[in-house]
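A short worksheet on the structure shown next.
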Amino acid sequence: MRYNWINAEEFSFNSFLLLDRWIIEMICRDYREWTEYEQSLGAALAYNPAVAWYFVQRSPESKAYVEQIIAAAAKGLSAEEVRRAEVFVLQAMETSVVYAYPEIMNRNCNYIYDWDKKHLLDLADFRDALVLDVGSGTGRLAFAAAEQARRVYASEPTDRLREYIRDKIKRENVSNVKVLDGTADSLPYEDNTFDIVMSGHVVGDHYDLELAELTRVVKNGGVIIDCIGDDDHKRKPDDELLRRGFEVFYHVSKSGGDIYTYRKKITK
Ligand SMILES: C[S@@+](CC[C@H](N)C(=O)[O-])C[C@H]1O[C@@H](n2cnc3c(N)ncnc32)[C@H](O)[C@@H]1O
48 MRYNWINAEE FSFNSFLLLD RWIIEMICRD YREWTEYEQS LGAALAYNPA
98 VAWYFVQRSP ESKAYVEQII AAAAKGLSAE EVRRAEVFVL QAMETSVVYA
148 YPEIMNRNCN YIYDWDKKHL LDLADFRDAL VLDVGSGTGR LAFAAAEQAR
198 RVYASEPTDR LREYIRDKIK RENVSNVKVL DGTADSLPYE DNTFDIVMSG
248 HVVGDHYDLE LAELTRVVKN GGVIIDCIGD DDHKRKPDDE LLRRGFEVFY
298 HVSKSGGDIY TYRKKITK
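Going by our numbering, the sequence shown opens with residue 48, and the numbers climb by one from there.
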């Protein structure tokens, strides 16, 4: 699916030098059935040795694959052909490339710029709460919650996005948002820590694992919230969350998208 969050023509292939190990690993692992993508990635890496070197150093688990697709890459490509391969890969991976450019993410991702924080603040009582935001991105949920909460921990596995949130905290003199690394299936917090654990556009690859971890760090009587932003997608409610006991709330976004948000009170 193409989102057009970036126009890849405007981006250097060196953008990949800004990305973390987990993203390099994903882009070398998850699209192996897609022939045009694999050939383009092989060609782009063959003609960008510094990026190929970075892929292997940063993600040793991708080494054999990187070497294999570089070896299979067409020889003697023109500069135009190389650029076409680079642009194909950049556009195909736009949802990850954009993590290297948080300002562009805020500006171009409708789920961020079209969102109204009331859709989060209506879901729970944030006043004086200790809150965790899992997969914070540019901090859409974290900064909204921080207006009422005692403290918000923004947990984010992408370095460029952690930096962006830290810079914003400094720039706007926000005293109650703290930034940490961490993934939904491995959160760096003690059991029973938070009143509210929230996320948006994060849970869903491994529901059982992720929700077990979110549940572990929430206090008895606390809530888990899933609050996506306001995009233009027509969608159905998430049956996996409903099956696991989440309440669902629905609204239509300004751009006509079906937006479902979820809440579950946790009793331990
Ligand atoms: C689509 S963005 C959403 C950002 C933010 N939650 C929002 O809704 O505005 C997904 C975010 O989740 C992070 N992420 C990806 N995989 C993750 C995982 N397994 N655990 C936690 N965060 C993850 C990404 O780095 C990215 O910041």
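We put the CB at the ideal spot given by N, CA and C, even for glycine.
Measure how close the beta-carbons of residue i and residue j come, nearest whole angstrom, since I'm counting them as under 8 Å.
i, j, result
"R197", "N223", "7 Å"
"V144", "C156", "Not quite, the Cβ-Cβ distance comes to about 12 Å (not below 8 Å), so this is no contact."
"N61", "V98", "7 Å"
"L208", "A192", "Rounded, the Cβ-Cβ distance is 17 Å, inconsistent with contact."
"R282", "E294", "With 8 Å as the limit, R282 and E294 do not qualify as a contact, their Cβ atoms being about 17 Å apart."
"G247", "G276", "6 Å"
"L65", "A147", "4 Å"
"S300", "D161", "6 Å"
"L170", "C274", "6 Å"
"V244", "G269", "7 Å"
"E203", "G182", "6 Å"
"Y50", "T142", "6 Å"
"V226", "R218", "The pair is not a contact, with the Cβ atoms about 14 Å apart (cut-off 8 Å)."
CB of residue i to nearest heavy atom of ligand 1: below 7 Å?
i, result
"Y146", "yes"
"D232", "yes"
"L188", "yes"
"I271", "no"
"T262", "no"
"T205", "yes"
"V226", "no"
"G276", "yes"
"I159", "yes"
"L208", "yes"
"H248", "yes"
"S183", "yes"
Suppose the cutoff is 8 Å on Cβ atoms and the five residues either side in sequence are ignored; what does the same chain contact list for residue i look like?
i, result
"V113", "C75, L92, A99, F102, V103"
"L137", "I53, A55, F58, F60, S62, V144"
"I159", "M152, N153, G184, T185, R187, G276"
"N267", "N239, I313, T314, K315"
Closer than 6 Å by C-beta to residue i: which residues in its own chain qualify, once you throw out the five before and the five after it? Chain order, please.
i, result
"R130", "none"
"Y297", "Y307"
"S87", "A132, F135, V136"
"Y84", "Y78, A139"
"I216", "V224"
"F190", "none"
"G229", "S202, P235"
"Q195", "F173, R174"
"D305", "K281, R282"
Kindly indicate if chain C contains any beta-carbon less than 8 Å away from that of residue i.
i, result
"Y146", "The chain labelled as chain C is not found in the depicted structure, where only one protein chain is given."
For residue i, write down the residues that DSSP places opposite it in a beta bridge.
i, result
"L227", "S202"
"C274", "T308"
"E294", "R310"
"I243", "V178, V270"
"V265", "F241"
"S233", "T230"
"V250", "Bridge partners of V250: none, in fact."
"V98", "The partner list for V98 (beta bridge, DSSP) is empty, contrary to what the question assumes."
"V299", "D305"
Which residues in the same chain as residue i place their Cβ atom closer than 7 Å to its Cβ, once the five residues preceding and following it in sequence are excluded?
i, result
"L289", "V295"
"L124", "A90, Y94"
"H253", "D232"
"E72", "S106, E108, S109"
"A121", "A90"
Could you pull out every unbroken alpha helix (DSSP H) segment of at least 4 residues lying fully inside the stretch 114–195, listed in chain order? You should have 126–139, 141–144, 149–155, 157–160, 165–168, 187–193.
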